[in-house]
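Asks:
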Amino acid sequence: MKQQICILGSTGSIGTQALDVIRQHQDRYEVYCLTANNRVEELARQARLFKPAAVVIANEAHYGKLQELLADLPDIKVYAGAKALDDIVEAEPVDMVLTAMVGFAGLSPTIRAIKARKRICLANKETLVVAGELICRLAIDNQVPILPVDSEHSAIFQCLIGEGDNEVEKILLTCSGGPFRNFTPGQMRSVKAADALRHPTWNMGNKITIDSATLMNKGFEVIEARWLFDIPVSKIQVLVHPQSIVHSAVMFTDGSVKAQLGIPDMKLPIQYAFSFPDRLPLQQDRLDLFTRPLEFFEPKTEMFRCLTLAYEAMEKGGNMPCILNAANEIVNRAFLEDRCSFADISRIIEQTMLRAAFDATPSYETYIETDAEARRIAAEMLK
0 MKQQICILGS
10 TGSIGTQALD
20 VIRQHQDRYE
30 VYCLTANNRV
40 EELARQARLF
50 KPAAVVIANE
60 AHYGKLQELL
70 ADLPDIKVYA
80 GAKALDDIVE
90 AEPVDMVLTA
100 MVGFAGLSPT
110 IRAIKARKRI
120 CLANKETLVV
130 AGELICRLAI
140 DNQVPILPVD
150 SEHSAIFQCL
160 IGEGDNEVEK
170 ILLTCSGGPF
180 RNFTPGQMRS
190 VKAADALRHP
200 TWNMGNKITI
210 DSATLMNKGF
220 EVIEARWLFD
230 IPVSKIQVLV
240 HPQSIVHSAV
250 MFTDGSVKAQ
260 LGIPDMKLPI
270 QYAFSFPDRL
280 PLQQDRLDLF
290 TRPLEFFEPK
300 TEMFRCLTLA
310 YEAMEKGGNM
320 PCILNAANEI
330 VNRAFLEDRC
340 SFADISRIIE
350 QTMLRAAFDA
360 TPSYETYIET
370 DAEARRIAAE
380 MLK
C-alpha cells in the first residue's frame, strides 16, 4: 500500500521539493491532500499533476477561484479556511502529515494531526518554538513519531541513530551566517529587505530568508532542537559554517564528533523523514569535498541580537518563546515591506518580550492569547 501524504503548505519551498521526492518514488507515496494559503493558481497546477483526494486554500477569499480552476476535476474535493486545514489532517486515509506551513498558523493543524495519530514530518519550526512542551507531551501520549525535516535537525537525528543511551556532550548546530555575515556595523545600518533576500547558499521563502539574515531562524532552531532531542539549550552551540555542507553535528562525552554532510538541498531531509528508517535512492547532485572548503566561525551575537534573544526566551521558558515568535512574525513582515529597519527587528522583539504578560505554565489557550497580545504590542511599536 502506498503511504498517503498530506502536505500543509505545498506551494512553498519545502512543499514543492517534497512533491519532487514523491514524484521520484511514486511506487511508495501518494498525495492525499495539498494545501496553500494564497497561491491558488499554483495549488491548482499541483492538483492537476498529482490528483489528490482534496485541496485546501486557507484564505477563504480564494475559494471560488480554486473551485473554478478545478471544476473539470470533480474527484478532487475543494475546501477553504483554517477549520478545513484542521479537519483534513484527521482524514482516515492519511498516513503522514508534512507540516510545511510558515509561522504560528501551523500549530493548530499539527496538534490535530498528532491527536489523530498521524506521523508528523515537521518543517514548521514555529510549532515547537511556540509550544514545544505541549507538542512533545501530545506526541508521547499519542505515540506519534515527529521526524525533523529542517536540514540541521535531520542531521542531528541522523547522527544520533544507533547511539542508544550514549550521553551527548553538546549539539553543534551549523548556520550559514546569512548574507550579512561579513558586514560591518556601519554597513548593517543601511541594509534593506532586497539585500537580506539574497541568501548565499539556500533558496527559501521570504519569511525564513529574512529570519536567516537576522539569525532568528537559528535561534528558532536552537529552541526546536531543545525539544526534539530533549537537551538543555546550554548544550546547543551555534557554529557559522558559510558553505552549508556540514548540516550539523553531535559531540559525545568521549569527545567524538559525528556530523552529517551533504549539498545545500532540502530533498534529502524531506525524503528521510518520509522513509525513515529506510534510505532510498535520490536523484540530485552529489557532494564533492575536493572542491568545497569547510570553515567554521563563532556567530557575531553583538550584531545579530536575535540569536541571543532566542536563547533568553528558551531559558525563561513558559510562554516567552511564543512572545518571541509572535513579535518576530510582525517585524519580519514589516522589514519585508520597508516599514522598519534591520536594527528595529531585534529592538522591537526585545521590547515585546519585556512588555507582554509572562506565564510560566501556559495552556494551549494561553498560547493563543499570548500570540495575539505580542502581535499587538509589536505592531504598536511600528507606528
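Okay, so the sequence shown: first residue is 0 according to numbering that gives the first Met the number 0, each after it adds one.
Note that CB positions come from ideal geometry on N, CA and C, so glycine has one too.
(1) What first and last residue would you give for the beta strand (DSSP E) that runs through His246?
(2) Given a cut-off of 8 angstroms, decide if Arg116 and Asn141 are closer than it, judged by their beta-carbon atoms.
(3) Answer yes or no: do Ile4 and Val39 have a C-beta to C-beta separation smaller than 8 angstroms?
(4) Please report how far the alpha carbon of Cys32 lies from the alpha carbon of Pro51, in whole angstroms.
(5) Start and end of the alpha helix (DSSP H) containing Met215?
(6) Can you give me the start and stop residues for the beta strand (DSSP E) that Glu168 sits inside?
(7) Please say whether Cys321 and Thr369 have beta carbons closer to each other than 8 angstroms?
(8) May I have the straight-line CA-CA distance separating Ala325 from Gly80, to the nearest angstrom?
(9) When the Cα of Asp26 is compared with those of Ser175, Ser9, Gly14, Gln2, which residue comes out closest?
(10) From Arg374, Phe296, Leu97, pick the residue whose C-alpha is nearest to that of Asn331; which is it?
(11) Suppose you measure from the CA of Phe179 to the CA of Ile344; what does that come to, to the nearest Å?
(12) So, under 8 angstroms CB-CB, Leu65 and Ala43 are touching, yes? Tell me the CB distance rounded to an integer number of Å.
(13) Do Lys382 and Met250 have their C-beta atoms within less than 8 angstroms of each other?
(14) Quick check on the DSSP output: what are the complete alpha helix (DSSP H) runs of length 4 or more inside the stretch 71 to 134, in order along the chain?
(15) Can you tell me the Cβ-Cβ gap for Ala378 and Ile329, rounded? I've got them flagged as a contact below 8 angstroms.
(16) With respect to the beta strand (DSSP E) encompassing Ile145, which residues constitute its N-terminal and C-terminal limits?
(17) Could you check the C-alpha separation between Phe295 and Asp86 for me, to the nearest Å?
(18) For Glu162 and Thr252, which I take to be in contact (beta-carbon distance under 8 angstroms), what is that distance rounded to the nearest angstrom?
(19) Put Gln2 into one of helix, strand or coil per three-state DSSP.
(20) Quick one: Cα of Asn318 to Cα of Ser233, how far?
(21) So which of Leu127, Gly131, Glu132, Met95 has the shortest CA-CA distance to Ile119?
(22) Can you tell me which of the three DSSP states Thr34 falls into?
(23) For Glu67, count neighbouring Cβ atoms within 10 angstroms of its own Cβ and tell me buried if that reaches 16, exposed if not.
(24) Starting from Leu315, follow the alpha helix (DSSP H) in both directions and report where the run begins and ends.
(25) Which residues mark the beginning and the end of the beta strand (DSSP E) in which Lys257 is found?
(26) Note down the Cα distance separating Glu220 from Lys124, rounded to an integer number of angstroms.
(27) On the three-state DSSP scale, how would you describe Pro267?
(28) So what does DSSP say about Ile56, is it helix, strand or coil?
(29) CA-CA distance, Thr126 and Leu137?
(30) Could you say which of Pro231, Ala309, Leu171, Asp277 lies nearest to Glu297 if we only look at CA atoms?
(31) Just to confirm the assignment, what range does the beta strand (DSSP E) spanning Gln242 have?
(32) Please identify the residue among Asn327, Ile244, Arg22, Ile145 whose C-alpha is closest to the C-alpha of Lys408.
(33) Please name the residue in Leu18, Phe49, Phe273, Glu132 whose C-alpha comes closest to that of Ala363.
(34) Figure out for me which residue from Arg225, Arg22, Glu311 has the closest Cα to the Cα of His152.
(35) Report back the beta-carbon spacing between Leu293 and Gln259 to the nearest angstrom; my notes put them in contact at under 8 angstroms.
(36) Would Ser211 and Gly177 qualify as a contact pair, given that the criterion is a beta-carbon distance under 8 angstroms?
Replies: Checking against the coordinates, here is how it stands:
(1) 245 to 251
(2) yes
(3) no
(4) 5 angstroms
(5) 215 to 227
(6) 167 to 174
(7) yes
(8) 21 angstroms
(9) Gln2
(10) Arg374
(11) 15 angstroms
(12) 6 angstroms
(13) no
(14) 81 to 87, 106 to 114
(15) 6 angstroms
(16) 145 to 147
(17) 45 angstroms
(18) Their Cβ separation, rounded to whole angstroms, is 11 angstroms, which puts Glu162 and Thr252 out of contact at 8 angstroms.
(19) strand
(20) 19 angstroms
(21) Met95
(22) strand
(23) exposed
(24) According to the sequence provided, residue 315 is Lys. The question's Leu does not apply to it. That run of the alpha helix (DSSP H) goes 304 to 315.
(25) 256 to 260
(26) 7 angstroms
(27) For the record, residue 267 in the displayed sequence is Leu; it is not Pro. Three-state result, Leu267: helix.
(28) strand
(29) 13 angstroms
(30) Leu171
(31) First-last for Gln242: undefined, no H or E at that position.
(32) The displayed coordinates of the chain run from 0 to 382. Any statement about residue 408 would go beyond what the structure contains.
(33) The question names Ala, but residue 363 is Tyr in the sequence shown. It is Glu132.
(34) Arg225
(35) With 8 angstroms as the limit, Leu293 and Gln259 do not qualify as a contact, their Cβ atoms being about 13 angstroms apart.
(36) yes
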